[in-house]
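Working notes, beginning with the structure itself.
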Amino acid sequence: MQDESPSLIRPDGELSVRAAALLRLRDRMRSIPPRRILAMAIALAVGSGTWSVTRAAGVERARWGEVVAVLVATDHLEIGEALSAQNSELQNRPLALVPAGSLTELRVGVHTIAPLVPGQTIVEAAVAPDRAGLRGWERAVTIPMPLAPPPLQGGDTVDLIAVRLVAGHPRSITLGHARVLDLDEVGLTLAIDQLAVGSVFEALGSGAVEVARRPTQR
Numbered sequence: 000m001q002d003e004s005p006s007l008i009r010p011d012g013e014l015s016v017r018a019a020a021l022l023r024l025r026d027r028m029r030s031i032p033p034r035r036i037l038a039m040a041i042a043l044a045v046g047s048g049t050w051s052v053t054r055a056a057g058v059e060r061a062r063w064g065e066v067v068a069v070l071v072a073t074d075h076l077e078i079g080e081a082l083s084a085q086n087s088e089l090q091n092r093p094l095a096l097v098p099a100g101s102l103t104e105l106r107v108g109v110h111t112i113a114p115l116v117p118g119q120t121i122v123e124a125a126v127a128p129d130r131a132g133l134r135g136w137e138r139a140v141t142i143p144m145p146l147a148p149p150p151l152q153g154g155d156t157v158d159l160i161a162v163r164l165v166a167g168h169p170r171s172i173t174l175g176h177a178r179v180l181d182l183d184e185v186g187l188t189l190a191i192d193q194l195a196v197g198s199v200f201e202a203l204g205s206g207a208v209e210v211a212r213r214p215t216q217r
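Here it is in structure tokens:
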């Protein structure tokens with residue numbers, strides 16, 4: 000005789016359809032080996048966990064948008080260093096946070112033309128094929144160290160200002176801008192647009208060339 004729970008019995012003593020189904024399920028569960036029940040429980044837990052992870056990933060995607068693989072520096076890089084698998088790698092980043100011109104692959108034979116820090120996305124403007132960091136339209140020129148230069152380091156961008164005396168009075172004119180490649184106590188090596196090289200040498204022949212540092216572009 001079955002031990003029927005009073006809560007599953009109608010007042011007239013007959014089992015409801017739902018109660019009967021529950022009793023049959025209980026009897027069936029008793030006939031299932033414990034190992035199988037454990038396996039079913041584990042599968043249910045794993046499925047629930049996978050669903051939660053998938054849902055969380057979907058929420059993040061909705062929040063940040065699609066992701067894209069971009070080249071990221073994994074080490075501190077100075078100007079002139081060659082990119083390699085030892086100092087850079089592809090990482091997935093939210094498309095909304097990826098800078099314009101980001102590299103999407105590791106290129107062979109390119110060098111940095113600006114300092115990079117670990118985790119920084121590498122963009123087109125930060126690399127060049129030339130080991131000295133020259134772009135195709137640039138020329139490397141060394142000028143005497145200005146009289147009162149601002150604090151500078153490789154990668155900084157500066158305005159070039161020609162200064163000379165005209166009728167005993169100093170006159171100045173901006174020649175353009177340049178990128179600092181190297182510097183020491185004697186001179187300043189700059190990457191200058193090839194069209195401005197002649198003007199820089201003319202200014203040096205008739206006076207001096209001073210520099211003014213530009214804000215760093217982010």
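In numbering that gives the first Met the number 0, the protein residues as written are 0 to 217.
Each residue gets a CB set at the ideal place from its N, CA and C atoms; glycine is no exception.
Along the chain, where does the beta strand (DSSP E) containing residue i start, and where does it finish?
i           : result
residue 165 : 156–165
residue 65  : From DSSP, residue 65 is part of no beta strand (DSSP E); its letter is neither H nor E.
residue 139 : 137–143
Please return the same chain residues whose Cβ sits closer than 7 Å to the Cβ of residue i, not counting the five positions on each side in sequence.
i           : result
residue 113 : 78, 125, 154
residue 76  : 86, 111, 114, 115
residue 162 : 169, 171, 206, 207, 209
residue 138 : 191, 193, 196
residue 117 : 72, 73, 74, 75
residue 218 : This structure cannot settle anything about residue 218, because the visible part of the chain is limited to 0 through 217.
Report the rounded CA-to-CA distance for residue i versus residue j, giving the unit in angstroms.
i           : j           : result
residue 210 : residue 134 : 21 Å
residue 170 : residue 144 : 19 Å
residue 194 : residue 159 : 14 Å
residue 179 : residue 167 : 32 Å
residue 186 : residue 203 : 13 Å
residue 83  : residue 177 : 27 Å
residue 81  : residue 88  : 13 Å
residue 107 : residue 146 : 40 Å
residue 92  : residue 156 : 28 Å
residue 7   : residue 41  : The predicted position of residue 7 is uncertain, since its pLDDT is 46 and thus under 50; a value taken from the coordinates is nonetheless stated next. Rounded to the nearest angstrom, the two C-alpha atoms are 30 Å apart.
residue 127 : residue 181 : 16 Å
residue 65  : residue 105 : 21 Å
residue 136 : residue 67  : 31 Å
residue 97  : residue 90  : 11 Å
residue 149 : residue 201 : 23 Å
So residue i is in the alpha helix (DSSP H); what residue range does that whole segment cover?
i           : result
residue 84  : Per DSSP, residue 84 belongs to no alpha helix (DSSP H) and is neither H nor E.
residue 201 : 196–205
Quick check on residue i: buried or exposed, where buried means 16 or more other Cβ atoms within 10 Å of its Cβ?
i           : result
residue 132 : buried
residue 5   : With a pLDDT of only 48 at residue 5, under the threshold of 50, the placement of this residue in the model should not be trusted, and no figure is reported.
residue 213 : exposed
residue 95  : exposed
residue 174 : buried
residue 165 : exposed
Where DSSP assigns a beta bridge to residue i, which residues make up the other side?
i           : result
residue 183 : DSSP lists no partner for residue 183.
residue 109 : Paired residues: none, contrary to the question.
residue 90  : 69
residue 176 : 158
residue 191 : 138, 177
residue 213 : According to DSSP, residue 213 bridges with nothing at all.
Using a Cβ-Cβ distance under 8 Å, would residue i count as near chain D?
i          : result
residue 66 : Going by chain labels, chain D is absent from the structure shown, which holds only one protein chain.
Short of 6 Å in beta carbon distance, which residues of its chain neighbour residue i, apart from the five on each side in sequence? Order them along the chain.
i           : result
residue 101 : 69, 120, 122
Report all residues from its chain with a CB closer than 8 Å to the CB of residue i; omit the five preceding and five following residues, and keep chain order.
i           : result
residue 151 : 157, 179, 182, 187, 210, 212
residue 109 : 81, 82, 126, 127, 128
residue 99  : 122
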